[in-house]
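J.: Following this message is one structure expressed as structure tokens.
Chains as they are written, first to last, in UniProt numbering: chain C, 1 to 359; chain E, 1 to 359; chain Z, 1 to 359.
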């Protein structure tokens, strides 16, 4: 009958915790949803995660090492199992040692996914499908930022691309974005889609480059689209592209268009900070590593421009918690996404028995 | 009927917020009296200041830009007017947008002055007169420090120049300062004056330089004076100078003396930090840019020596809030200045209706 | 009859505050047991310590200077005596000035020792005896770390050398440490001794070097010992050494063994941070400065490996204050040492009259 602290994020859901390449021979300590976790590779390289807290004396297990698939504490050699139970410790009987929390964790699409809540409820089938992974027609690259802001500010940011005009004026921004209204649709608790279609406009610098790299003329007008898809808890996939004007736009044949997906996984670290996994999967010229690198570097620069804005926005909102923000049509994508998040949190909080089992 | 938090600074008064040169094409974000403000140049270069908080989603307006005299939010292009009312926003009707606070602000004497309180009460005639500005007989230069200490500690510091002997021993300090008593006069709520007159003493290195640069002998004894004038809320002007001994001292003819005014504007950032605008206006050799630079560099060094002292004094006082400090005769200038500040604050707090209007 | 805040450290006891060489011409400001102190050399170079708080305006006395054995405040020249009473101040009568706290302080064995509590109870005879100081048969060197962790975590660390196997695997760790049980004895409130004796084992790299530097074979098996002696409040001396196997081990004649004392003085700065004075006194090859330096550099590296572990352990324990840690046989040294510390604190808290006198 305890009153759980109101949370800003659901827990019984999959978050991206790391790029798979971040967890190799050494354990990786990372705070996710307020919990300090350690990720490592157990037997046969299978990913595992437990609390970053040795049950012996509270040392961080992430400073230890992995020996034959067991996580060994770097302080006194306690061997931890991936179920949170101590396997062994030099000179000790460990049967009575208290277990630490272990987490449901999956490696998929080059990422490590973690379910911070009740591991009994974790279902790997709920991890979103990423069609572009391991598909030779697509190329992908991306990066990771740590941002001192509520993760929902990034959802707001991504579900409204109007800001491109101002924050990213020299790369992907253009006045036509502001001038074209966007439309937001909500599909139950499964998805929020905000889309904008611009007809017969000049291509901004990024898309000129993309057209050229695909052997298409870059000096003719295009139809441009932005389709932002939020799926809970905090994934945003943005379909973006241009087609030579008059060829059908989003529906045009591949010979007339270039397109890609901006891939955003946003993971709360604490109530006021996040891990932001960003990247781009593209379906044009996938074998050209130079284009891949050029896009990655460009995205790095573009998303860096958002960092300061979000961190200072967070400071402003923390300073004035009582102020009501405006909810305009351009904000509908973020507003609707937050409503789904709030319902998920409310559902979790309504299950006190399960909550207690998790705690 | 709410109880306003007790303040350490009056609000219905003019503070120096910036050097005019700090506000050019880009907006300047700066916290003054606990409020985050953004300063920018509106129509015809007129200075303007509003809250650094976009009414749309709380983004900092200081990360935006100025277009044709309008402050444009860097996130979604909202155009803010200098009265705190939204002018326009792409694709939106803005009539119902809540206003943000705007501030009375004036550009004068190369500084930006702000009135953080009720802008209806702001009267530009209350800005102090600075005779040396735009006067070819005078030269001025100065700088700005951010200091993590209560702004009143700097008033204490400046209203008692005894500390020169110890903190600034190699430049302007000399034993005779300690040996000569000072006198403090209070002129109602308008001014506190602490003065010290030293007769027939050797000139310290700084004043030897000043005498030489004015073509006067630097190896004879001088009469020296220090007249510290505090005016509320936190301005301290210090008349300092030396005359060849026996020529009338402070009253001597210009042919026998060199003098200047140490100009100090001290602006609270928060209860425990300040912006310190320091400088010197001198009436000798005003056209010599090398002397100007030499003095500026010397002041920079001298005032830097005070920084660490004040920040650690602040830490000590915060650690021991219950300790009573001594109030000696040398402290009278600071003590009397603080009394005026306290009365101004009490007067403001006694006006709950106006306070409410400001909030 | 006030309720003193529960403390994590006893106050009426000697702590190492500084290396003697740290206090030369300039005063040294350092926080010990939560109190800001300034250490300086008074008349004839005698060490003295008072609060780092000028009774005039709260300036830190550690920014001042020492003139003829008097501590002179760097702000207004107040002269402080080593009894906490103001001696003089330019132009002032100081008889009514409030005294600040002064501390019993002793210089011994190259360290400055301070008694943070009631100076009337301070007895220099209670400072531990260090046989190796100023003894040509011994060499000593060491260093100082600032660590953001409860000082008792370092006592735990040092009273259980099992962790050498894991944290210091390449220098002094070896599997035999884990395999050999240790024994802990408590001698009233005077001492806790945890010892481990290993028979007929290979020497780890550090001890091979020590054997060589003493002209002994380094490729034969040895008997090895570790005898950790805790004495309150927080000193840990560790006798360590190896003898050629079968020569009597710890009791072997000097011709067959090499040994030294790891010297650890652990001083609380605050409840969550410490000053850690580490070093080694050795009885082999004492005249060889290169060996001294090699050992000091090696210890620096070894103890650095403990820093991150302890600081993250501290963070974990602060995050989960309610979790019970395990108390295994290997932890007995730390557990018993903490019990002595708790009794000392309880004894102090049971003396409210004296406490009041100290405050």
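Idealized CB from N, CA, C, for every residue including glycine.
1) Less than 9 Å between CB atoms is the rule here; does residue 178 of chain E satisfy it with respect to chain Z?
2) Residues in the same chain with beta-carbon distance under 7 Å from residue 77 of chain C, minus the five sequence neighbours each way, listed in chain order, please.
3) Name the residue from Z:44, Z:39, Z:15, Z:20 whose alpha carbon lies nearest to the alpha carbon of residue 33 of chain Z.
4) What runs of the alpha helix (DSSP H), each 4 residues or longer, lie entirely inside the segment 279-331 of chain C?
5) Out of Z:49, Z:86, Z:123, which one is the CA nearest neighbour of residue 360 of chain Z?
6) Do you know how far the Cα of residue 344 of chain Z is from the Cα of residue 249 of chain Z?
7) Taking beta-carbon pairs under 8 Å, can you tell me which members of the segment 92-120 of chain Z lie near chain C?
8) I need the DSSP call for residue 276 of chain E, collapsed to helix, strand or coil.
9) Just confirm the distance between the C-beta atoms of residue 149 of chain C and residue 273 of chain C, as a whole number of angstroms; I'd bet it's less than 8 Å.
10) Flag this pair as yes or no: are the beta carbons of residue 319 of chain C and residue 11 of chain E separated by less than 9 Å?
11) With 9 Å as the threshold, decide whether the Cβ of residue 159 of chain E is near any Cβ in chain C.
12) Quick one: using the 10 Å Cβ neighbour count with 16 as the cut-off for buried, is residue 301 of chain Z buried or exposed?
13) Apart from the five residues just before and just after residue 121 of chain C, which ones in its own chain have a Cβ nearer than 7 Å to its Cβ?
14) Measuring alpha carbon to alpha carbon, tell me which of E:306, E:106, E:286 ends up nearest residue 124 of chain E.
15) Give me the Cα-Cα distance between residue 43 of chain E and residue 268 of chain C, rounded to the nearest whole angstrom.
16) What does the alpha-carbon distance come out to for the pair residue 379 of chain Z and residue 56 of chain Z?
17) State the CB to CB distance for the pair residue 155 of chain C and residue 279 of chain C, rounded to an integer number of angstroms; the pair is presumed to be in contact (CB under 8 Å).
18) Under 8 Å: does the beta carbon of residue 37 of chain E sit that close to some heavy atom of the ligand ZN?
19) Looking only at its own chain, which residues have a Cβ that is under 7 Å from the Cβ of residue 129 of chain Z, when we skip the five neighbours before and after it?
20) Between Z:189, Z:200, Z:313, which has its C-alpha nearest residue 229 of chain Z's C-alpha?
21) Going by DSSP in three states, residue 127 of chain E sits in which element: helix, strand or coil?
22) Going by DSSP, name the residue or residues bridged to residue 52 of chain E.
23) Would you say residue 25 of chain Z faces chain E, with C-beta separation under 9 Å as the test?
24) Smallest Cα separation from residue 206 of chain Z: which of Z:240, Z:103, Z:277?
25) Of all the residues that make up the segment 62-75 of chain Z, which are near chain E by a beta-carbon distance shorter than 9 Å?
26) State buried or exposed for residue 187 of chain C, treating a residue as buried only when at least 16 other CB atoms are found within 10 Å of its CB.
27) Which of the three DSSP states is assigned to residue 246 of chain E in this structure?
28) If you draw a straight line from the alpha carbon of residue 298 of chain E to that of residue 23 of chain Z, how long is it in whole angstroms?
29) So, does the CB of residue 90 of chain E fall closer than 9 Å to a CB anywhere in chain C?
30) So residue 210 of chain E is in the alpha helix (DSSP H); what residue range does that whole segment cover?
31) Whole angstroms is fine: what's the gap from residue 247 of chain E's alpha carbon to residue 227 of chain E's?
32) Should residue 135 of chain E go down as buried or exposed, given a rule of 16 or more other Cβ atoms within 10 Å for buried?
33) Can you tell me which of C:116, C:110, C:108, C:92 puts its alpha carbon nearest to the alpha carbon of residue 101 of chain C?
34) In chain order, what residues of the segment 299-313 of chain E put their CB closer than 8 Å to some CB of chain Z?
35) Between which two residues does the alpha helix (DSSP H) holding residue 151 of chain Z run?
36) Helix, strand or coil, according to DSSP, for residue 162 of chain Z in the structure here?
T.: A quick look at the data gives this:
1) yes
2) 89, 90
3) Z:15
4) 289-319
5) With chain Z represented from 1 up to 359, any question about residue 360 of chain Z goes unanswered, as that position is not in the structure.
6) 36 Å
7) none
8) strand
9) 7 Å
10) no
11) no
12) exposed
13) 12
14) E:106
15) 43 Å
16) Past the boundaries of the shown model lies residue 379 of chain Z; chain Z is included only from 1 to 359, so the question cannot be answered.
17) Incorrect: roughly 17 Å between the Cβ atoms, too far for contact.
18) Absence of the ligand ZN is noted for the structure shown, with no ligands found whatsoever.
19) none
20) Z:189
21) coil
22) Bridge partners of residue 52 of chain E: none, in fact.
23) no
24) Z:240
25) 62, 63, 64, 65, 72, 73, 74, 75
26) exposed
27) coil
28) 31 Å
29) yes
30) 205-213
31) 18 Å
32) exposed
33) C:116
34) 308, 309, 312, 313
35) 151-158
36) helix
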